[in-house]
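Just add 474 to the spot in the sequence shown (first one is 1) and you have the working numbering.
From the three backbone atoms N, C-alpha and C, an ideal C-beta is built for every residue, glycine too.
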Amino acid sequence: MKRLIIKKLVVISQSESRSLEVPFSKGLNIILGGNKTGKSSIIKSIFYTFGCELKRIEKDWKELISSYLIFFQYGKNQYVIIRQGKKFQIFEQSKGEYLCIIESDEFHKYSNSLMDIFGVKMPCISKEGKEFNITPPLLFRFQYIDQDEGWNKIADAFDKVGYIKDWKKNTNKYVCGYLDDKYYSLQTQKAQHIMEREEKKKELNHNQNFVEQISNSLSQLDNSKSIEEATREIENLVQQADALRKDIFSIKAEMTIYENETYMNQHKLHIVEQNLIETEKDIEFAMKQENELVCPTCGAVYSNGLTEQMNISSDYAHCEKLKKELTEALDVTENTLSDLAQKYEQISRQLESLELKIQKSQEFISYSSYYKNKGQYEMYEACGQQLDILEKQVDKISFKIAKLDDEINEMKSKKRSKEIKDKIEGNCRILADKINVPKTFIKLRDFVQVIDHTGSETPRIVYMYQSALYLYNLERTDSPFNFYIIDTPNQQGQDTDNLESIFKSLKLIMSDDGQVIVGTERETGIEDKANNVIRLREKRRCLSSEKYNEHIELFQKLQKLALNWVAENHKKQKEVADEMIE
């Protein structure tokens, strides 16, 4: 059985040389702390690290934290995700060793890699028609009740998902298992067959128009150029096109080399900039000491004379020089890449124009030969046969589409829909009894609770439904939908009795088969039954220097592994590019 279990969150602030490690366990986890102690920032950081953009997150927190690390288990395998701004890295952990799986600042590349780990294949389509696998904010949208807006709207805490077509409707059905990976695989096959059929229909329509125009074409052939002239023209055009294709391959390979060089220099520049920060701290520390200084980490005593201070300054100057050289090298490669891209675009347009001329000349030769060698009757007969073949091909593809439609519709059976709906509603009724929600308020549309009530009942209805869906998903064998995060129920306008009923209902969802994380300002009364209680006591002081050295050491180790992975990956790309040139 594959389950997603979050093991721990680590956030690092290199500017303050401080960090925070928050461990989690199966079952119920309670993060307990007053206002401004960091509960919501910790919770939001979990989803942010996975790749979800939060609608609201404290600006000071985002500016403070330089690196986010989430350690999680899926099935028997252990993984680590690191997020730094738009850059994502995934590592697999085994027996204390780490293996880099991917590093990318392209969100969908990272997202596809994460979905491969989960074994999730749900194709999505952007409003521009681009296809990609489901993304973390869509996958996890029902597993989070956000303190800001999540208690008034169901599964609407994440930002920047509007570019995906029908994202709500499709994920509603996917998360509850009504439409699974097989369904979306069939939908993809159907879409491909529809595209194939449209191409055949275009060809069929083209041939039908051609038959209608035969008479006019015959009269025009007498005044046109000879087949021999057209053949020579095609040979000349093909030679020119081949030369342009070679140029394109050469330019593309050269661009790949410069892209590799740019990527490597960017990594080097990042490392140099980090060294500058650390060296600057060393200089500042040394300048404040006497002739001897004591290492704050190990306690060793070192000489702090002019010579030693000059050596540190020399290191700083060397880093500055190296930074300047790398920046200049990046400018050169980026300018070269821009020039190559313009050249690539220009040659591509020339090639497109040549290929169009070749196509027209080939059509002319084909038609001319047929008209002059076979005669008008034979031409009509041949075209009729071709039309018949195309019509049969269209019918065959249409049959495949109809067959796929039958399979798809079978998966969308009313019986299956009712079974899922009944199970979710059954869970809702159990929770409604516990949290003082009238059962008449339970109303599912497209497997999602309808919010048509206002006031203090709305947060409890949201909590009722998302908890019921979580319980339903716990019954599924393999899925990443077995963790659930609830942020600050005590701030949602509930009176004492209703808040107490919400806290008591947590007993229903604390099974070790899943994982629940609750952030709250008040004691829930079931802390003794929770598997893990994290207590935050100081306002705006949840980071500390206690484990910073340990965290930064691991982080730097993983960065070296990622750098090696990038180098090896680009080496392979270069080898492929070299083979293409040859």
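Classification of residue i by the beta-carbon crowding that lies within 10 angstroms, buried from 16 upward
i: A856; result: exposed
i: E819; result: exposed
i: E577; result: buried
i: D1022; result: A small correction: the amino acid at residue 1022 is Tyr; Asp does not occupy that position in the sequence shown. Buried is the call here.
i: I912; result: Sequence inspection shows Pro at residue 912; the Ile mentioned does not correspond to that position. Counting Cβ neighbours within 10 Å, P912 comes out exposed, since fewer than 16 surround it.
i: S514; result: buried
i: M761; result: exposed
i: V746; result: buried
i: A631; result: buried
i: T705; result: exposed
i: I725; result: buried
i: P933; result: buried
i: V1050; result: exposed
i: N683; result: exposed
i: M453; result: This structure leaves residue 453 out entirely; the chain is present only between 475 and 1056.
i: H792; result: exposed
i: D620; result: buried
i: K888; result: exposed
i: A815; result: exposed
i: L477; result: Inspection of the sequence shows that residue 477 is occupied by Arg rather than by Leu. Result: buried.
i: H667; result: buried
i: L980; result: buried
i: P497; result: exposed
i: F546; result: buried
i: N847; result: Low local confidence applies: a pLDDT of 44 at N847 is under 50, so the model's placement there is unreliable, with the coordinate-based value given in what follows. N847 is exposed by the Cβ-count criterion.
8 Å contact criterion, which residue i and residue j should meet: CB distance rounded
i: F955; j: N646; result: With 8 Å as the limit, F955 and N646 do not qualify as a contact, their Cβ atoms being about 13 Å apart.
i: I821; j: I722; result: 6 Å
i: I916; j: A906; result: 6 Å
i: F581; j: G525; result: 7 Å
i: Q617; j: Y958; result: 5 Å
i: I544; j: L483; result: 6 Å
i: P963; j: L973; result: 7 Å
i: I909; j: I976; result: 6 Å
i: I875; j: K664; result: 6 Å
i: I486; j: I539; result: 7 Å
i: G751; j: Q488; result: Note that residue 751 is Ile in the sequence shown, not Gly. Yes, they are in contact, since the Cβ atoms of I751 and Q488 sit about 7 Å apart, within 8 Å.
i: Y944; j: I983; result: 6 Å
i: Y658; j: K595; result: 7 Å
Endpoints, alpha helix (DSSP H) assigned at residue i
i: I898; result: K888 to I909
i: S1018; result: Neither: S1018 is in no alpha helix (DSSP H) and is coded neither H nor E.
i: E974; result: T970 to S979
i: I628; result: Neither: I628 is in no alpha helix (DSSP H) and is coded neither H nor E.
i: P610; result: P610 to L613
i: I935; result: E931 to L948
CB of residue i within 8 Å of CB of residue j, strictly
i: Y548; j: F592; result: yes
i: R557; j: T523; result: yes
i: G993; j: I520; result: no
i: L1010; j: T511; result: yes
i: L502; j: A1004; result: yes
i: K635; j: W641; result: Per the sequence shown, residue 635 should be read as Val rather than Lys. The answer is yes: Cβ separation under 8 Å.
i: I898; j: A942; result: yes
i: N586; j: F606; result: yes
i: S499; j: N1006; result: yes
i: V628; j: Y946; result: The residue asked about is misnamed: residue 628 is Ile in this sequence, not Val. No, the pair does not count as a contact, with Cβ atoms beyond the cut-off.
i: T1094; j: Y732; result: No statement about residue 1094 is possible, as the shown extent of the chain runs from 475 to 1056 and does not include it.
i: R996; j: G651; result: no
i: I832; j: V712; result: yes
i: Y437; j: S600; result: Coverage of the chain is limited to positions 475 through 1056, which leaves residue 437 absent and any answer about it impossible.
i: L864; j: E677; result: yes
i: Q968; j: S930; result: yes
i: T998; j: I504; result: yes
i: V1040; j: H744; result: no
i: K1048; j: T730; result: yes
i: D534; j: K560; result: no
Extent of the continuous beta strand (DSSP E) to which residue i belongs
i: Q989; result: Q989 to T994
i: D961; result: F957 to D961
i: R1009; result: N1006 to L1010
i: V484; result: L478 to S487
Min CB distance residue i to chain C below 8 Å
i: I599; result: The question asks about chain C, but that chain is absent: this structure has only one protein chain.
Near the ligand SAM: residue i beta-carbon under 7 Å from a heavy atom
i: K895; result: You won't find the ligand SAM in this model; it holds no ligand whatsoever.
Please list the segments of the alpha helix (DSSP H) lying wholly inside the region 640 to 684, counting only runs of 4 or more residues, in order along the chain. With a minimum length of 4 residues, the continuous alpha helix (DSSP H) runs that stay inside the region 640 to 684 are 641 to 649.
Along the chain, which unbroken stretches of the alpha helix (DSSP H) at least 4 residues long are found entirely within the region 544 to 604? Every unbroken stretch of the alpha helix (DSSP H) spanning 4 or more residues and falling wholly within the region 544 to 604 is given here in chain order: 581 to 592.
Mind pulling the beta strand (DSSP E) runs of 3 or more residues that sit fully within the region 489 to 541? Listed in chain order, they are 492 to 497 and 501 to 507.
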